[in-house]
Amino acid sequence: MTSTPAPGTPPVAASPSSAPDAEADAQHFVDTFRRTADQVRRFIVGQGEIVEHVLIALAAGGHVLLEGVPGLGKTALVTTLARAVQLDFRRIQFTPDLLPADIVGSMILVERGGEKRFEFQKGPVFTNLLLADEINRATPKTQSALLETMQECSVTVAGTTTHLDPPFFVLATQNPVESDGTYPLPEAQLDRFFFKLHVPLPSEDELSLILDRTGGTAPPVIEPVSDGAALIRMSHTLRAVPIEASVQQHLIRVVRRTHPDDDSAPDSVKRFVRHGASPRAAQAILAGARAKALLAGRFHVAREDVDAVAAPAMRHRMILGFEGEAEGVNPDQLITDVIRGLG
Amino acid sequence: MTQPPPADARPIESAVHAARRQINRGVACRAACWSALLGGAGALAVGLAYVSVGHRVPPVVYGVAAVAALVIFLAGWFRYRVGPHEAAGRLDERFGLADGLTSARTFDREQKRGGFYHLQQAWAESAASRIDPRALRSRLPRPLLTAALALPLLAGLLGFRPPSPAVLEARQQAAATLELGDSLNQGIREEVQRHLDEAELDERELLEPESLKETAERLRTSEDRADLMRQYAAMEQKLADLSQALQQQRAERFLSDAADRLSENASTSALAEALRQKRYDDAAELLRKMTPDPQADAAAQQRRLDPLKSASAQLAQAAKRFKAGAASSGSAGKSGGLADDLATVSEQLDQAARDYDENLEKSQQEAKQQGQPSDRTGERLRRSRQQTQQATDSLRKKLKKMNASRKARSRLTQMRQTLSQCQGACAGQNQNPFAMPGGKKAGSSTSNSTSASADPDYGRFDAITGQKNAGPSQTVVEDAASGTGTSGRRASAPAAQHSRQLESFVDRPDVPEPLREGVKTYFESLHEAPEETLAP
Chain A
39 MTSTPAPGTP PVAASPSSAP DAEADAQHFV DTFRRTADQV RRFIVGQGEI VEHVLIALAA
99 GGHVLLEGVP GLGKTALVTT LARAVQLDFR RIQFTPDLLP ADIVGSMILV ERGGEKRFEF
159 QKGPVFTNLL LADEINRATP KTQSALLETM QECSVTVAGT TTHLDPPFFV LATQNPVESD
219 GTYPLPEAQL DRFFFKLHVP LPSEDELSLI LDRTGGTAPP VIEPVSDGAA LIRMSHTLRA
279 VPIEASVQQH LIRVVRRTHP DDDSAPDSVK RFVRHGASPR AAQAILAGAR AKALLAGRFH
339 VAREDVDAVA APAMRHRMIL GFEGEAEGVN PDQLITDVIR GLG
Chain B
12 MTQPPPADAR PIESAVHAAR RQINRGVACR AACWSALLGG AGALAVGLAY VSVGHRVPPV
72 VYGVAAVAAL VIFLAGWFRY RVGPHEAAGR LDERFGLADG LTSARTFDRE QKRGGFYHLQ
132 QAWAESAASR IDPRALRSRL PRPLLTAALA LPLLAGLLGF RPPSPAVLEA RQQAAATLEL
192 GDSLNQGIRE EVQRHLDEAE LDERELLEPE SLKETAERLR TSEDRADLMR QYAAMEQKLA
252 DLSQALQQQR AERFLSDAAD RLSENASTSA LAEALRQKRY DDAAELLRKM TPDPQADAAA
312 QQRRLDPLKS ASAQLAQAAK RFKAGAASSG SAGKSGGLAD DLATVSEQLD QAARDYDENL
372 EKSQQEAKQQ GQPSDRTGER LRRSRQQTQQ ATDSLRKKLK KMNASRKARS RLTQMRQTLS
432 QCQGACAGQN QNPFAMPGGK KAGSSTSNST SASADPDYGR FDAITGQKNA GPSQTVVEDA
492 ASGTGTSGRR ASAPAAQHSR QLESFVDRPD VPEPLREGVK TYFESLHEAP EETLAP
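Residue numbers (the working numbering), protein chains in the order written: chain A, 39 to 381; chain B, 12 to 547.
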């Protein structure tokens with residue numbers, strides 16, 4: 039198995055060692071974030087928290103799973119975002135007959151200069167921003183084709199590993215698993231999503247505004263306000279935001295308490311949860327909390343930041359037991375119990 | 012209204028320390044209130060318990076409550092006081108600083124500098140300079156404050172309540188009982204010592220002086236009259252046991268029978284009288300005068316031997332009859348050790364006296380015929396004289412021992428009577444037997460006097476019914492072991508009850524018929540024995 043270096047990889051920005059650099063990075067983070075959010079909100083009505091969390095995930099270099107019934111603007115959100123951040127954008131409509139090769143690419147026989155040989159033809163996954171629309175309509179085999187891509191940002195076909203150009207984000211949408219013709223995502227796949235966001239129904243006012251914006255002859259124009267390098271810089275800025283030991287301990291306890299075999303876990307967790315959140319959840323919470331802190335104008339992570347991103351980071355990582363599934367327990371309620379128990 | 016804190020080079024630490032002082036002051040106030048409340052409540056509860064039974068609240072209750080309150084205060088203080096880290100957390104929480112001060116202090120302590128740490132420090136210092144830690148001041152809840160003041164006050168007021176008259180009287184009675192116990196114990200010890208001092212040597216041995224003194228020394232006073240009575244009953248029981256061990260009724264009966272026989276002869280009438288009157292010391296002295304004197308001439312020896320021979324013969328007769336009676340009743344050698352010894356020694360004395368008499372006569376005859384007795388006869392005479400002397404001495408010793416035993420029993424009886432009086436004094440039936448004349452001072456009595464008007468029958472002698480010894484006994488009897496049952500001391504009882512008891516003693520259906528027959532045969536043999544003995 040061979041590995042090829044990712045072409046066009048930008049140099050990794052060093053952690054700011056001086057206060058002015060750090061202040062500049064923080065300011066860049068906040069400005070870029072707000073400008074991008076403003077552009078998205080020009081088209082997307084409401085969904086403020088969804089937009090914020092999607093942008094946090096992008097800033098942290100994470101993938102997002104958007105769940106909601108059809109027609110709530112999930113795809114529109116992603117396409118709008120792609121235009122705003124000026125990234126290469128591809129869309130894959132997942133269907134039951136979609137094959138892994140349709141996503142990652144395949145080796146094809148080509149003739150060049152009279153010589154025939156196999157060449158790797160890149161699939162749609164080779165992009166910066168991939169919209170995996172209705173991901174749970176594909177079979178598990180096809181869904182798992184994204185596993186390596188999402189975690190390693192690389193694709194291995196026929197023993198050859200090819201890296202993707204950074205940044206690489208997967209924004210997947212899925213219908214609720216109760217819908218017909220859906221295949222629940224495997225736990226390993228779910229764990230690779232930074233956030234799982236529930237897209238709510240718009241309110242009456244929001245629906246009215248949606249109709250006004252989309253029903254006219256001149257749809258809103260989305261201007262590019264960011265790019266891949268800016269997102270990478272944002273990602274590095276996040277990693278420099280400090281977290282105090284007791285706050286980090288709070289984060290750890292939040293994750294630990296989602297495990298039913300933990301002594302401090304609340305009764306509801308012990309009763310309904312089969313497996314708690316993974317260490318990836320702790321990483322996602324930390325990155326999300328850092329973004330929240332910067333957006334709040336602070337330079338340190340607080341408990342309230344941890345609590346704010348705990349639900350989107352852990353709700354898809356908590357595997358309910360039989361009793362939890364049977365009673366239709368909402369993982370968000372369990373996470374609320376977990377946080378409430380910590381005072 | 013909050014005022015900005017004074018400018019400080021380290022506004023975070025300044026704010027944290029000010030907050031810590033503020034919080035800990037509140038903790039101290041709360042701990043003080045709770046300790047006062049709990050200590051006061053405890054003292055009040057215990058005080059009410061004392062007052063409800065009529066007692067005055069003892070000062071130690073307040074001392075214990077104060078110590079408990081102090082412990083509660085210290086425990087509360089050490090448990091709830093806050094350090095700088097917690098104080099920073101409280102400030103963060105109170106002023107919405109989102110763990111800002113806590114984080115800044117931690118980063119500073121960990122020497123984390125530059126970059127975001129610098130920005131965070133600046134941010135926290137800016138926030139700290141805008142807040143006023145005095146806003147953390149907490150007011151004590153009014154109910155807590157009121158209870159913390161009221162309960163100790165009420166408990167303290169309860170301490171001024173005097174004890175009830177009943178309790179005062181009970182205390183006086185307890186003090187009087189203690190005093191009485193002291194007096195009685197001291198008196199008993201002196202009485203025991205006096206008896207031991209007065210007793211002769213052989214009498215002292217029988218009284219077991221060390222055990223007796225130890226028992227007297229172990230007596231202790233008590234506020235409980237029943238406890239005192241139990242002690243005295245126990246000691247009395249011990250004396251009764253000791254007296255029982257000195258029982259010599261069979262020996263006295265034997266000597267009385269011997270006295271009857273000795274009175275028939277004029278030469279032994281003095282000895283008979285001494286034995287009949289149980290003057291065993293005198294009897295022993297009379298026997299000493301009958302003891303053979305080897306220095307005297309043959310005639311003088313014969314004069315001394317005649318009464319001894321007569322006395323020993325009578326004693327031997329009495330011994331034979333005693334042994335016959337003992338054999339018929341099946342009690343020979345069982346319990347009458349001294350009586351058996353006396354009988355045996357009497358027989359030995361009789362035999363020795365007869366041998367001595369025979370040898371003396373033979374010696375006199377040989378002296379008449381040959382001028383002097385032969386060596387063989389002289390040797391026999393000397394040996395028989397020695398045996399007679401030894402038998403006489405042995406009998407004298409037995410008699411002296413009987414005399415000592417008799418005196419010892421007498422002393423034991425006196426001491427038991429004293430203890431009986433002590434128990435009576437405890438029961439309020441008689442005066443302290445050791446009390447000196449003069450009585451108590453006026454007003455120092457243990458019971459409240461009752462006025463004439465309080466008793467409706469006061470002065471109405473016609474209302475008094477009953478007659479002496481007609482009612483139930485008033486004696487309170489405490490058993491030595493368990494406090495129940497009866498002691499060996501006689502209690503005054505109605506005459507009718509006595510008569511019934513006596514009748515039951517005489518005619519007891521629970522005594523087996525063979526045993527009754529045996530007793531009957533024994534008494535008949537006592538009457539018949541002299542005739543049989545004297546017949547030949």
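Where a beta carbon is used, it is the ideal one built from N, C-alpha and C, also for glycine.
Residue 330 of chain A counts as buried, since no fewer than 16 other beta carbons sit within 10 angstroms of its beta carbon. Any Cβ of chain B closer than 8 angstroms to the Cβ of residue 337 of chain A would place that residue at the interface, and such an atom is present.
Straight through space, the alpha carbons of residue 411 of chain B and residue 257 of chain B are spaced by roughly 14 angstroms. In the DSSP assignment, residue 106 of chain B falls within the unbroken alpha helix (DSSP H) covering 95-106.
In the structure shown, the three-state DSSP call for residue 178 of chain B is helix. Ranked by Cα distance from residue 323 of chain A, the first of A:132, A:120, A:233 is A:233. Close partners of residue 149 of chain B in chain A (Cβ separation under 9 angstroms) are lacking, with about 19 angstroms as the shortest Cβ gap. Residue-level contact check: residue 130 of chain B touches chain A, since one or more beta carbons of chain A fall below 8 angstroms from its beta carbon. For residue 209 of chain A, the enclosing beta strand (DSSP E) starts and ends at 207-212. Chain-ordered listing is empty here: chain A has no CB closer than 7 angstroms to the CB of residue 58 of chain B, the nearest sitting near 41 angstroms. With a beta-carbon spacing of about 5 angstroms, residue 74 of chain A and residue 122 of chain A fall inside the 8 angstroms limit used to define contacts.
Here the alpha carbon of residue 136 of chain B sits roughly 53 angstroms from the alpha carbon of residue 131 of chain A. Residues are counted here when their Cβ sits less than 7 angstroms from a Cβ of chain A; for the stretch 105-122 of chain B these are 109, 110, 111, 113, 114, 117, 118, given in chain order. The alpha-carbon separation between residue 128 of chain A and residue 209 of chain A amounts to approximately 10 angstroms. Excluding five sequence positions before and after residue 213 of chain A, the CB atoms of its chain that fall closer than 7 angstroms to its own CB belong to 107, 108, 172, 174, 220, given in chain order.
Remark: C-beta atoms of residue 230 of chain B and residue 196 of chain B approach each other more closely than 8 angstroms. Residue pairing by DSSP places residue 234 of chain A opposite A:103 in a beta bridge. Per DSSP, residue 168 of chain A is one residue of the beta strand (DSSP E) stretching across 167-171. Beyond the five residues adjoining it in sequence on each side, residue 265 of chain A comes within less than 6 angstroms, by CB distance, of 124 in the same chain, given in chain order. Per the coordinates, the alpha-carbon of residue 39 of chain B lies some 49 angstroms from the alpha-carbon of residue 235 of chain B. Of the candidates A:318, A:335, A:342, A:342 places its Cα closest to the Cα of residue 327 of chain A. In the three-state reduction of the DSSP assignment, residue 363 of chain A falls in the helix class. Ranking A:361, A:237, A:200, A:147 by CA distance to the CA of residue 161 of chain A puts A:200 first. Between residue 88 of chain B and chain A, the shortest Cβ-Cβ separation is not below 8 angstroms.
Take the alpha-carbon of residue 140 of chain B and the one of residue 22 of chain B: they are about 6 angstroms apart. Residue range 386-437 is occupied by the alpha helix (DSSP H) that includes residue 429 of chain B. In this structure, DSSP gives residue 149 of chain A an extended state, which the three-state scheme calls strand. Using a CB distance cut-off of 8 angstroms, residue 94 of chain B does not count as an interface residue toward chain A. In the three-state DSSP reduction, residue 123 of chain A falls in the helix class (H, G or I). Interface criterion met: the Cβ of residue 280 of chain A is under 8 angstroms from a Cβ in chain B. Residue 232 of chain B carries a coil assignment under DSSP once its states are collapsed to helix, strand and coil. Runs of the beta strand (DSSP E) lying entirely within the stretch 179-225 of chain B, each at least 3 residues long, are absent. For residue 273 of chain A, no Cβ of chain B is located within less than 8 angstroms of the residue's own Cβ.
If you check the CB distance, residue 353 of chain A and residue 377 of chain A do not come in under 8 angstroms. If you check each beta-carbon in the stretch 324-352 of chain A against every beta-carbon of chain B, the ones closer than 9 angstroms belong to 331, 334, 335, 336, 337, 338, 339, 340, 341, 342, 343. The Cβ atoms of residue 375 of chain A and residue 258 of chain A do not sit closer than 8 angstroms to each other.
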